[in-house]
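Just so it is clear: in the sequence shown, position 251 is 251 by our numbering, and no numbers are missing.
The C-beta atom is built at its ideal place from N, Cα and C for all residues, glycine as well.
Contents: one structure, followed by commentary.
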Amino acid sequence: MKTDVQIAQEANMLPIAEVAKNLGILEDELELYGKHKAKVSLDVLKRLENKPDAKLVLVTAINPTPAGEGKTTTNVGLSMGLNKIGKKAITALREPSLGPCFGVKGGAAGGGYAQVVPMDDINLHFTGDFHAITSAHNLLAALLDNHLHQGNALRIDPKKIVWKRVVDMNDRSLRNIIVGLGGKGDGVVRQAGFDITVASEIMAILCLATSMSDLKERLSRMVVAYNTDGNPVTAGDLEATGAMALLLKDAIKPNLVQTLENTPAFIHGGPFANIAHGCNSVLATKVALKLADYVITEAGFGADLGAEKFFDIKCRFAGLNPDAVVIVATVRALKMNGGVPKTELSTENLNALEKGIANLERHLENLEKFGVSAVVAINKFPADTEAELELLREKCAARGVEVILSDVFAKGGEGGIALASKVVKICETKKSNYAPLYDVDGSIAEKITTIAQEIYRADGVDFTADAKKQIAELEKLSLDKMPICMAKTQYSFSDNANLLGAPIGFRITVREVKVSAGAGFIVAITGDIMTMPGLPKVPAANGMDITEDGVIIGLS
1 MKTDVQIAQE ANMLPIAEVA KNLGILEDEL ELYGKHKAKV SLDVLKRLEN KPDAKLVLVT
61 AINPTPAGEG KTTTNVGLSM GLNKIGKKAI TALREPSLGP CFGVKGGAAG GGYAQVVPMD
121 DINLHFTGDF HAITSAHNLL AALLDNHLHQ GNALRIDPKK IVWKRVVDMN DRSLRNIIVG
181 LGGKGDGVVR QAGFDITVAS EIMAILCLAT SMSDLKERLS RMVVAYNTDG NPVTAGDLEA
241 TGAMALLLKD AIKPNLVQTL ENTPAFIHGG PFANIAHGCN SVLATKVALK LADYVITEAG
301 FGADLGAEKF FDIKCRFAGL NPDAVVIVAT VRALKMNGGV PKTELSTENL NALEKGIANL
361 ERHLENLEKF GVSAVVAINK FPADTEAELE LLREKCAARG VEVILSDVFA KGGEGGIALA
421 SKVVKICETK KSNYAPLYDV DGSIAEKITT IAQEIYRADG VDFTADAKKQ IAELEKLSLD
481 KMPICMAKTQ YSFSDNANLL GAPIGFRITV REVKVSAGAG FIVAITGDIM TMPGLPKVPA
541 ANGMDITEDG VIIGLS
């Protein structure tokens, strides 16, 4: 079979203006970025505000493994399958980050014959949204350090600055740095550091904002430091809001592209789900809901992270009411969760599969708590045996959930027709009773404990001395009545990446708690999770190239 990039390069793409026209987007609501990319004006929302919303379907997954699950591929294939059966569907995804693209994870445009295109542009600079976010974030950092240098009228405590700089690259050497070295005119010497751009609070804000005015209001609330009295200093205090919004004036508009079968795709925003809230922008989702019958969106990593944050943060803030959930798995990944090494996944192993299915079952139990009906989509691999698939069907049937085989990687939309038909049936026959897991008015410790016990199945939560102090400070400043955004390893329900399957008898350790006042949530950092990844021993970048005539090699 051809590589993803080969398939993408042979795609028969429609001019994006034609894709937009077919959706009902007016010519003056479209800003072209070449022939196959465009931004869509927020005026669409005003024009169609009285039109009923489409059905909203979330695609999530089991905990990821090196065996692969194919969540984005399923999302794209499902949207194409819905169009095959006569439904007007749009896929709504996040933008890929350059860091993992050049690191180990690769791109995030789907795979095989279920991709969004132009794949190379989407995985690289796209329409410049990440660069705009990086620039806005670092402008605020520069204004902050300049304020210190120019006399520090706000009495900022240099030891209580919480605003780092960002870059959209995996670069471990930037995690901890010293700024201001040199002469007197080179600034105030202090310890600082970098996060990856997708961990920036501005990324989260862009994805949660509902308008330019809302964006500016959220930007102004961002806490960048604390003064010598212990009170927060915000971006608004530094008079940085207007300039940051100016840099984000185009980035706030959703990006429109298409799938290999010309199904419309909104790709906008890109927060990670292990260190941020892991969902595409509210604005892209809302625009899509006005233009289609079905909107297929996704949330990063496993349902313990992305789906929980989709329900408890994105849907809560945006007033969204999801109609169905697709949870993606593979027999291979389930066997890996059952203890089978990657080298032996092609051999039938019903005992290991049964153990691994416990991971899927726990996710299904969790989804029930949000009141939205689910279906399991299994990405089919050639080595899957009928006995393994039957065991999987039996286990899920016992929970009242159907298993649908998906072959979108090899067959595109045709391979997603069965899944699409099941999703339509759920949406048409089962009423969603969506509700968040917890009340935001609870204490910080109570909300974290609820997530840890109800979603992860931890016995309890241990807070370090630093975390306890940080919680007390946030409560004193009345910055505690917000949803929780857990920063946790994606590989396990626990905070230990090596505990696969459905572990029990463990506790979660929260080592740091910080407020993202602009985004509107509190971040609880667990285990050894980091906001600036590093590159692997052999980065994917080492195998990438471009030929003289512009053919890209090694991008996946």
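query: With three or more C-beta pairs closer than 8 angstroms as the rule, is the segment 130 to 137 touching the segment 193 to 209?; result: yes
query: Compare the Cα-Cα distances from ASN542 to each of GLY554, ALA11, LYS431, VAL375 and report the closest residue.; result: GLY554
query: So the alpha helix (DSSP H) ARG221 belongs to, where does it begin and stop?; result: 212 to 221
query: Residues bridged to TYR557 by DSSP?; result: The first residue shown for the chain is 1 and the last is 556, placing residue 557 beyond what the model contains.
query: Per DSSP, which residues does LYS39 bridge with? Please list them.; result: GLU31, ASN255
query: Evaluate the contact criterion for the segment 399 to 412 versus the segment 58 to 69: three or more CB pairs, one atom per stretch, below 8 angstroms.; result: no
query: Nearest-angstrom Cα distance between ALA467 and GLU414?; result: 51 angstroms
query: Quick check on ASP545: does DSSP put it in helix, strand or coil?; result: strand
query: Could you work out which residue in VAL440, VAL372, LEU289, ALA333 is closest to ILE357 when comparing CA atoms only?; result: ALA333
query: If you count every other CB in all the chains shown that lies within 10 Å of the CB of SER211, and 16 or more means buried, which is it?; result: exposed
query: ALA465 to ALA452, Cα distance in whole Å?; result: 19 angstroms
query: Ignore the nearest five residues each way along the sequence and tell me which others in LEU360's own chain have a CB closer than 6 angstroms to its CB.; result: ILE62, ALA329
query: Taking the alpha-carbon of VAL376 as reference, which of VAL233, LYS184, VAL57 has the nearest alpha-carbon?; result: VAL57
query: Hey, LEU260 and ALA8: beta-carbon distance below 9 angstroms or not?; result: yes
query: Using a Cβ distance threshold of 8 angstroms, determine whether the segment 83 to 93 contacts the segment 416 to 423, with at least three qualifying pairs required.; result: yes
query: Name the two residues that bound the continuous alpha helix (DSSP H) containing CYS485.; result: CYS485 -> not in any alpha helix (DSSP H); beta strand (DSSP E) instead, spanning 484 to 487.
query: Taking 7 angstroms as the limit between beta carbons, can you name the residues of its chain near VAL440, skipping five residues before and five after?; result: LYS481, MET482, PRO483
query: Could you check how far apart the C-beta atoms of CYS279 and TYR434 are, in whole angstroms? I think they sit under 8 angstroms.; result: With 8 angstroms as the limit, CYS279 and TYR434 do not qualify as a contact, their Cβ atoms being about 15 angstroms apart.
query: Does the contact criterion of 3 or more C-beta pairs under 8 angstroms hold for the segment 279 to 291 versus the segment 169 to 184?; result: no
query: In terms of alpha-carbon separation, which member of SER200, VAL287, ARG155 lies closest to LEU45?; result: VAL287
query: Going by Cα to Cα distance, which pick from ARG393, GLN115, PRO436, GLU344 is closest to GLY371?; result: PRO436
query: In or out: LYS39 buried (at least 16 other Cβ within 10 Å) or exposed?; result: buried
query: May I ask which residues mark the beginning and end of the beta strand (DSSP E) holding PRO158?; result: 156 to 161
query: Out of curiosity, what's the CA-to-CA distance linking ALA20 and LEU30?; result: 8 angstroms
query: Can you tell me which of the three DSSP states PRO264 falls into?; result: strand
query: Could you tell me which residues DSSP puts in a beta bridge with ASP462?; result: THR509
query: Strictly by DSSP, which residues pair up with PHE194?; result: ARG165
query: Can you grab the Cα-Cα spacing for the pair VAL166 / HIS131, in whole Å?; result: 10 angstroms
query: Within the continuous alpha helix (DSSP H) that includes LYS71, where are the two ends?; result: 71 to 84
query: May I have the straight-line CA-CA distance separating LEU405 from ALA54, to the nearest angstrom?; result: 25 angstroms
query: Work out the CA separation of ILE122 and ALA307 for me, nearest whole Å.; result: 23 angstroms
query: Could you give the first and the last residue of the continuous alpha helix (DSSP H) run that contains THR91?; result: Where THR91 is concerned, there is no enclosing alpha helix (DSSP H), although the beta strand (DSSP E) it sits in stretches over 89 to 93.
query: Which ranges would you report for the beta strand (DSSP E) in the segment 320 to 353 if only whole runs of at least 3 residues count?; result: 324 to 329
query: Select from ALA292, MET169, HIS125, GLY185 the residue whose C-alpha is nearest the C-alpha of GLN150.; result: GLY185
query: Rounded to a whole number of angstroms, what is the C-alpha to C-alpha distance between SER478 and GLN470?; result: 12 angstroms
query: Quick check: the Cα distance between LYS249 and ASP214, rounded to an integer number of angstroms?; result: 13 angstroms
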